[in-house]
Every structure is written in C-alpha cells, then in structure tokens.
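*Asks:* Here it is, the structure, as structure tokens.
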Amino acid sequence: MRDGRPGIAQILKYILALLAAAYIVFLLIFAGGSTRAFEDVKADMSPVLEASDMVERDGQALKRSFGLNSRDYSGVMYYSASSALSAEEVLVIRVNSTDQIDRVLEAVKARILQRTGEYGDYLPEQTELLEHAVQSVRGKYIFFAVSADAARYRTAFDESL
Amino acid sequence: MLFNSISFLFLFLPVAVIVYYIAPDRAKNGVMLAASILFYAWGEPVYVVLLVLSVLLNYFAGRDIGAKLEDPRRARLAVAFGVAANVAILAFFKYYGFLISQINLLLPEEIPYRELSVPLGLSIFTLQEISYLVDVYRGKAQVQKNPVNFALYAAMFPQILAGPVVRYSDMERQLEKRSVTARKAGQGAMLFITGLAKKAILANSLGKVFEQVAAMPTGSISALTAWIGCFSFALQIYFEFSGWSDMARGLARMFGFEFRKNFEHPYISRSITEFWRRWNISLVTWFREYVYLPMGGNRGTVSRNIFNMMVVWILTGMWHGASWNFIVWGVYCGIILVMEKYVWGESLDHLPGPVRRIYFIVLTLVGWVFFFSPSLGYSLRYLTAMIGAGAGFVDGEGGFLLLTHWLLYLAAAAAATPLAKAFAGQIMGISGNLRVRTAVTVTLYIGIFLVSAAFLVTDTYNPFLFRF
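For the record, the sequence lines run as chains L and H.
Residue numbering for the first sequence follows the working numbering, starting at 1 and increasing by one per position.
Residue numbering for the second sequence follows the working numbering, starting at 1001 and increasing by one per position.
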C-alpha cells in the first residue's frame, strides 16, 4: 500500500470476494433446492405428467431401471412410457443427504448409456431423445427426463420447488 | 470423475501424463493446472466458477498481505479478512442448511430456505488457501506472484477431492522446481495402484458387509453382529481414506510432487493419542498449526489447554460433516485425548501391551459408531446392541457374516499393519538379480491393478465415502 491508498491487490481481493458472494446468491436463486415437502412437489407435478402417455411406476420398477432403492430416499416419483419402444421417462428424487446425489446421477448416466445401446440404430428417434435428456439438481431434488416434452416437465419441476 | 473410475484410469490420466511429460519444464505447471480445472469441471461444471473465484480471491489476498508485511497491524487485518472470507464460504455451504434446520426445530413456523450441495473439495482447497495466507503472514512462505503456480497449489487434481491437506510451505519450492523422472513416475504408479487396491478391493468389500449390518433394525442386531458391523466400518474407512491418500500421493509423484504421508498404520496404536498421530496426519497437523497453536496450544493453564483441545476437536468433528453425530464424535475424541493427557496417560504407559491394544480398539470402535450413525438416537441404539441389549450376544447372522468373510477380515487386518508391506517387500526382493526383481515387481503391480479394475467394473458406483 503506497501513500495510504489501497493497492491493486487489495481492491481486487474485495472485488473477488463480492463476485464470489454474488455467484453464491445467483446459485441460490437459480440452482438452489427447496425445503418444500416432496408430497407438495409431487402434487404440483403429477397433473402435468398424468396428462402424458406415461404411467407412474413403483419402487420395483425404479430398482430394475436405475438400480436404486426407493426406500433410501425421502421421495421418489417415477413415470415411464407404457410401451417398451419408447424411451420416455421422468424421474424426480429427493435425497436424504447430499452425499446421495452422486449415486443417483451415476445411475441416471448408466441408464442413458444402457438405453442408448438398446435402441441403437433401430429406433433413432428414441436415441435422439436420450441424447437430449434433461437433468437438474436443485439442492436435494434431482430431476431427470427423457421426452420430447422434457423442457416442459423441467419447467413444471422448477415451478414446483 | 473419480480416481477409481474407468474414464479417469483409461482416458484422463494417460492423456494428462503424456501431455505433461511432453511439455517443456516451464509449461508443466500450466499443463497440470489445465488438467486440474478440467478434472474439477467434469464433476462440478457449476462450481468450477466458484473454485476459480476462490483461487483468485486468495491469490490477491496473499499479495495484499505480502504488500503489508512491514506494517503488522495492516498485515493482521489483511490476513483476518482472507481467513474470514474463506471460512465464510466454507461455513455457508457446509453449515447454513444444518443451522437453519436446527432453528426450525425450535420455531412454530419453519423458515423456508434454499439448499445448495457442497462443492466437491471445498473443505480441502479452503483449508489449503488459509494455510497459504497464514504462512505468508507468518513469514514461513514467500508471496506467490505467479497466479498459475498458486492456482495449481490450490486446485491440483490429485488431492483436491479428498486430500491430503497440503500446507503451502510444503509445496512452495516444488511449485518452482521439482524433478520429473521415470523412476518417480514408476514409484508414483506403484503407490497409486496400492491406493486403488485399498479402495476397490478392500474398502468396497468391507463396505458391503457394513451396509448389510447397517440395514438391520438395531433392535434385531446381536452383539456379535454389531461388533462385526463396527469392525467392518473401521477397516472400510481406513482403507477409503488411506487408499485415496495413496492415490493422491501416487498421482502427485507421477507429476514430480511429493506429499507427506497421511496415514501411518493407525490401527497398531496403543492409545487414542497415538492414533491421532497416525490418522489423517495432514488434517490433524493443519488444525494444530492454524487453530490450536494460535489459540495458545498447551501454553497457559491446564483449563485453558483443555479448552483449546476441545475447540479443536469440535471443529474437527464439524469439518467431517454438518450433523450432531460428527460433533459428538469430535467431543468424544477430545475428551479421551484430554483424559490421556491429564488423567490416565501415564498409567496407560505401564499397562501390558495387549491390554493397551484392547483399550485402544474398544474406544476407537465406539467412536466410529458416532461417526457412521445417521443420528444420535441410532448411535445410542447401536451401542446398546454392542453390549448385547439388542438381540442377545450371538446370532446366526453374525456367525454367517464371520464364516463368509473371515478371509476378507484376515486380509484387511494384515493390510492395515506393516505386515502387508513387509510381505510385498519379500516378494519383490525375491532375487538378487535386478532384472528379475523388476520383472517380479512389475508383474505384481500389474496383477494388483487388473484385479482392482475387475472389482471396479463389477461395482458400478465407487464414490469416496465422504464429500469434502
């Protein structure tokens, strides 16, 4: 510091501290999760999903499809197409702790790879849906959708939080 | 991307090593920094921005401290700001959700709040950045004027996810000059493979046994089963932590960096004090250097020293996670350490060796119960089961677990002591001929690597036990 004026390092450290704080606020607003009860989130999203051709699935289907145990999480909502020829599915999970997030994301990744291999060149439109799958992690909520309406389902998810 | 993932082992690491070795010496830090940022962004595309901001903040904070060293008051304010900024970021991500959830328990109407997941490695790089700022302030290190070098120290991929916590003063010279040789690369690869085997083969296998026991209602667990579960966890967490540390040290050595050893066979200890000289040495050292000693350490009165120790151990517990069981675990460790220092430490030294080992094992296992329990209530129920108040002392489940996993426990127990290294040393030194010894060593480690890879392929998900 020269002549009582702050040096460039001092000014920049304050700017960067403010930027870090601003980024954290930005994340809270646009990527932060919610403490809303899972049942409320599900109640808001269900009408949107029920209007589609998908069917709500149970814990056994979750285990078969993703290798996840529904009882390990505080809330699970899983919809998938009634036909095996469609890759369409939507999964919303509320984890109990953030340590579980990576596990779910790995399972989703494995699911996409597996189904891409299954559909391959035979059903290129389904493979394209898988390539454009939508994922979102908002705090303890994880959203995953494979669908032509994935963006709409994602909006419904964001608005439900 | 994790060290034990197929994409890291067969894609990222080979490419990073090749590009690093091809690069001229003056570009090596830049290459490694680029690899580190890519590595971090792969797993945390959102939080990589925060990592960059944190690194830049601390870089300029360090330069600011350096510019004020001749004025102690201004330097103190500058370091206080830097430390406070880092602690604020860490505390926000790790503890604000926990704090509000606890306040909500007391309020008639809950305060709604938004949650954010903890950025991977936040606890590691924050402690390292604090270490840098304080070392510069104390004059133990020079200000790092090269932003690439500083960023590399803070964000180096071998240790950013799970440690060890590397003090800046240990890295300072290595950032400027280090030797990168084929011999070191080979030693690094051996150390990495050792760590990979600890994680992929031992920790994951022990973890499956522990998960079986943890899935049972505590009221239906016999004492035998409870102790088997606890013993399995104790070994699992050791191989997880030490495995990741070995992988980190091995990777670092491949790139010419030397990290200090982080685990020194902690389970051969004969007291809790000794255990904490052998377990997660980098973390314990960090807390001693940057919390305990600045608070006064063991200077002053006995009561002041006890206070200092308890603060350190509460913070150590909290560092591991934001929940009451980690805090209780920290308090538990602190109390025993205080007792060993001021009450029964000398008496302990006079006890026969086997008695001391039993003392150590029982206290350590009880401590782990608090560590692995999802709640305090669960830990108390589990401890009750350990004394037979659950489903009696012995049951078929416990017997079955022992019968089907005795070889795993034997191997794990041997691997947790210096015996395993000595045995491996005997195999590698089997011949007086250097070429034969080299061939045996290479074959042994390739074999270990292949077996580890096979375990990884069959286990689809292999995270580190904790998210730091």
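The C-beta atom is built at its ideal place from N, Cα and C for all residues, glycine as well.
1) Given a cut-off of 7 Å, decide if leucine 1057 of chain H and alanine 43 of chain L are closer than it, judged by their beta-carbon atoms.
2) For glutamine 60 of chain L, count the other beta carbons within 10 Å of its own beta carbon; 16 or more makes it buried, fewer makes it exposed. Which is it?
3) Going by DSSP in three states, phenylalanine 1008 of chain H sits in which element: helix, strand or coil?
4) Is it buried or exposed for leucine 1211 of chain H, if we count other Cβ within 10 angstroms and need 16 for buried?
5) I'd like the ranges of any alpha helix (DSSP H) spanning at least 4 consecutive residues and lying wholly in the stretch 39-107 of chain L.
6) Within a Cβ cutoff of 6 Å, which residues of the same chain sit near tyrosine 78 of chain L, ignoring the five residues on either side of it in sequence?
7) Which residue wins for smallest C-alpha separation from valine 1015 of chain H, given the options H/Phe1255, H/Phe1372 and H/Gly1425?
8) Which residue's Cα is closest to the Cα of serine 1036 of chain H: H/Gly1398, H/Asp1025, H/Tyr1020 and H/Arg1026?
9) Would arginine 1277 of chain H be called buried (16 or more neighbouring beta carbons within 10 Å of its own) or exposed?
10) Is the Cβ-Cβ distance between proline 1418 of chain H and threonine 35 of chain L less than 7 Å?
11) In chain L, what lies closer than 9 Å to aspartate 1246 of chain H by C-beta?
12) Using a Cβ-Cβ distance under 7 Å, would glycine 75 of chain L count as near chain H?
13) What is the DSSP secondary structure of alanine 145 of chain L, reduced to helix, strand or coil?
14) Can you list the alpha helix (DSSP H) stretches of 4 or more residues lying completely in the stretch 1160-1217 of chain H, in chain order?
15) Please report the straight-line C-alpha distance between methionine 1 of chain L and tyrosine 23 of chain L, rounded to a whole angstrom.
16) At a CB-CB cut-off below 7 Å, which residues of chain H make contact with leucine 19 of chain L?
17) Can you tell me whether DSSP reads glutamine 135 of chain L as helix, strand or coil?
18) State the DSSP-derived secondary structure class of proline 1354 of chain H, mapped to helix, strand or coil.
19) I need the boundaries of the alpha helix (DSSP H) containing methionine 1428 of chain H, first residue and last residue.
20) Tell whether a beta-carbon distance below 7 Å holds between alanine 1226 of chain H and alanine 1385 of chain H.
21) Could you give the DSSP three-state label for methionine 1 of chain L: helix, strand or coil?
22) Under 8 Å, with one C-beta from each stretch per pair, do the stretch 139-153 of chain L and the stretch 93-102 of chain L reach the 3-pair mark?
23) Taking 7 Å as the CB-CB cut-off, is alanine 9 of chain L touching chain H?
24) In this structure, how does DSSP classify valine 1046 of chain H when only helix, strand and coil are distinguished?
25) On a CA-only basis, which of H/Leu1175, H/Ala1078 and H/Ser1101 is nearest valine 1130 of chain H? Give me that one, please.
26) Report yes if the C-beta distance between leucine 129 of chain L and valine 108 of chain L is below 7 Å; otherwise report no.
27) Report the rounded CA-to-CA distance for alanine 1091 of chain H versus asparagine 1104 of chain H, giving the unit in angstroms.
28) For the stretch 1084-1110 of chain H, enumerate the residues whose C-beta is nearer than 9 Å to any C-beta of chain L, in chain order.
29) For glutamine 10 of chain L versus aspartate 1064 of chain H, is the C-beta spacing smaller than 7 Å?
30) Measure the beta-carbon distance from glycine 1195 of chain H to glycine 1243 of chain H and round it to whole angstroms, keeping in mind my assumption that it falls under 8 Å.
31) Go through its chain and collect everything with a Cβ distance to threonine 1273 of chain H's Cβ below 8 Å, but skip five positions before and after it.
32) Would you mind telling me which residues of chain H sit closer than 9 Å to leucine 62 of chain L, beta carbon to beta carbon, in chain order?
33) In or out: phenylalanine 1010 of chain H buried (at least 16 other Cβ within 10 Å) or exposed?
34) Looking only at its chain, what residues have a beta carbon closer than 6 Å to the beta carbon of glycine 1432 of chain H, apart from the 5 residues adjacent to it on each side?
35) Looking at chain H, which residues of the stretch 17-49 of chain L have a Cβ within less than 8 Å of any of its Cβ atoms?
36) Could you tell me which of H/Ser1379, H/Pro1164 and H/Ala1203 sits nearest to phenylalanine 1233 of chain H, measuring between CA atoms?
*Replies:* With the structure as the only source:
1) In the first sequence, residue 43 of chain L corresponds to position 43, counting from 1. In the second sequence, residue 1057 of chain H corresponds to position 57, counting from 1. Going by C-beta atoms, alanine 43 of chain L is not nearer than 7 Å to leucine 1057 of chain H.
2) Against the first sequence, residue 60 of chain L aligns to sequence position 60. It counts as exposed.
3) Here residue 1008 of chain H refers to the residue found at position 8 of the second sequence. Phenylalanine 1008 of chain H falls in the helix class under three-state DSSP.
4) As a working note, residue 1211 of chain H is residue 211 in the second sequence. Before going on, a small fix: residue 1211 of chain H reads as glutamate here, not leucine. Exposed, because fewer than 16 other Cβ atoms sit within 10 Å of the Cβ of glutamate 1211 of chain H.
5) 59-66
6) Translated into positions along the first sequence, residue 78 of chain L becomes position 78. The answer, listed in chain order, is Arg57, Leu62 and Leu91.
7) Within the second sequence, numbered from 1, the residue matching residue 1015 of chain H stands at position 15. Per the Cα distances, H/Phe1255.
8) Reading the second sequence from its first residue, position 36 is the one you call residue 1036 of chain H. Minimum Cα distance to serine 1036 of chain H is reached at H/Tyr1020.
9) On the second sequence, position 277 is the one that residue 1277 of chain H refers to. Exposed is the call here.
10) Counting from one through the second sequence, the residue named residue 1418 of chain H turns up at place 418. Counting from one through the first sequence, the residue named residue 35 of chain L turns up at place 35. Not closer than 7 Å, so no.
11) Position 246 of the second sequence holds residue 1246 of chain H. Result: empty, since nearest Cβ-Cβ is about 22 Å, beyond 9 Å.
12) For this step, residue 75 of chain L is matched to residue 75 along the first sequence. With 7 Å as the cut-off, glycine 75 of chain L does not count as an interface residue toward chain H.
13) Sequence index remark: in the first sequence, residue 145 of chain L carries index 145 (1-based). DSSP places alanine 145 of chain L in strand when its eight states are reduced to three.
14) 1168-1176, 1182-1197 and 1204-1214
15) Stepping through the first sequence from its first residue, residue 1 of chain L is reached at position 1. Stepping through the first sequence from its first residue, residue 23 of chain L is reached at position 23. Below a pLDDT of 50, predicted positions are generally treated as unreliable, and methionine 1 of chain L, at 45, falls in that range; no measurement from the model is reported.
16) For the purposes of this step, residue 19 of chain L is taken as residue 19 along the first sequence, with counting starting at 1. Within chain H, the residues near leucine 19 of chain L are Leu1053.
17) In the first sequence, residue 135 of chain L corresponds to position 135, counting from 1. If DSSP states are grouped into helix, strand and coil, glutamine 135 of chain L belongs with the strands.
18) Numbered from its first residue, the second sequence carries residue 1354 of chain H at position 354. Looking at proline 1354 of chain H - three-state DSSP - the assignment turns out to be helix.
19) In the second sequence, residue 1428 of chain H corresponds to position 428, counting from 1. From DSSP, the alpha helix (DSSP H) with methionine 1428 of chain H extends over 1418-1428.
20) Translated into positions along the second sequence, residue 1226 of chain H becomes position 226. Translated into positions along the second sequence, residue 1385 of chain H becomes position 385. In contact: alanine 1226 of chain H and alanine 1385 of chain H (Cβ atoms closer than 7 Å).
21) Mapped onto the first sequence, residue 1 of chain L falls at position 1. Since pLDDT at methionine 1 of chain L reaches only 45, below the 50 mark, its modelled position is unreliable, and the value read off the structure follows with that caveat. The answer is coil: DSSP assigns methionine 1 of chain L none of H, G, I, E or B.
22) yes
23) The residue labelled residue 9 of chain L in the question sits at position 9 within the first sequence. Output row for alanine 9 of chain L: interface = yes.
24) Here residue 1046 of chain H refers to the residue found at position 46 of the second sequence. DSSP places valine 1046 of chain H in coil when its eight states are reduced to three.
25) Walking along the second sequence from the start, residue 1130 of chain H turns up at place 130. Sequence inspection shows isoleucine at residue 1130 of chain H; the valine mentioned does not correspond to that position. The shortest Cα separation from isoleucine 1130 of chain H among H/Leu1175, H/Ala1078 and H/Ser1101 belongs to H/Ala1078.
26) Stepping through the first sequence from its first residue, residue 129 of chain L is reached at position 129. Stepping through the first sequence from its first residue, residue 108 of chain L is reached at position 108. No, the Cβ-Cβ distance between leucine 129 of chain L and valine 108 of chain L is not below 7 Å.
27) Taking the first residue of the second sequence as position 1, residue 1091 of chain H is located at position 91. Taking the first residue of the second sequence as position 1, residue 1104 of chain H is located at position 104. Taking the straight line from one Cα to the other gives about 18 Å.
28) Ala1085, Ala1088, Ile1089, Phe1092, Phe1093, Gly1097, Ile1100, Ser1101, Asn1104 and Glu1110
29) Position 10 of the first sequence holds residue 10 of chain L. Position 64 of the second sequence holds residue 1064 of chain H. Yes; because the gap between Cβ atoms is below 7 Å, this pair is in contact.
30) In the second sequence, residue 1195 of chain H corresponds to position 195, counting from 1. In the second sequence, residue 1243 of chain H corresponds to position 243, counting from 1. Yes, they are in contact, since the Cβ atoms of glycine 1195 of chain H and glycine 1243 of chain H sit about 4 Å apart, within 8 Å.
31) Translated into positions along the second sequence, residue 1273 of chain H becomes position 273. Once the five neighbours on either side are set aside, the close Cβ partners of threonine 1273 of chain H are Leu1337, Glu1340, Lys1341 and Gly1345.
32) Residue mapping note: residue 62 of chain L aligns to position 62 of the first sequence, counting from 1. Residues of chain H passing the Cβ test: none, with the nearest at roughly 15 Å.
33) The count along the second sequence starts at 1 and reaches residue 1010 of chain H at position 10. With fewer than 16 Cβ atoms within 10 Å of its Cβ, phenylalanine 1010 of chain H is classed as exposed.
34) On the second sequence, position 432 is the one that residue 1432 of chain H refers to. Here the set comprises nothing.
35) Ala17, Leu19, Ala20, Tyr23, Ile24, Leu27, Leu28, Ile29, Ala31, Gly32, Gly33, Ser34, Thr35 and Arg36
36) By 1-based counting over the second sequence, the position of residue 1233 of chain H is 233. It is H/Ala1203.
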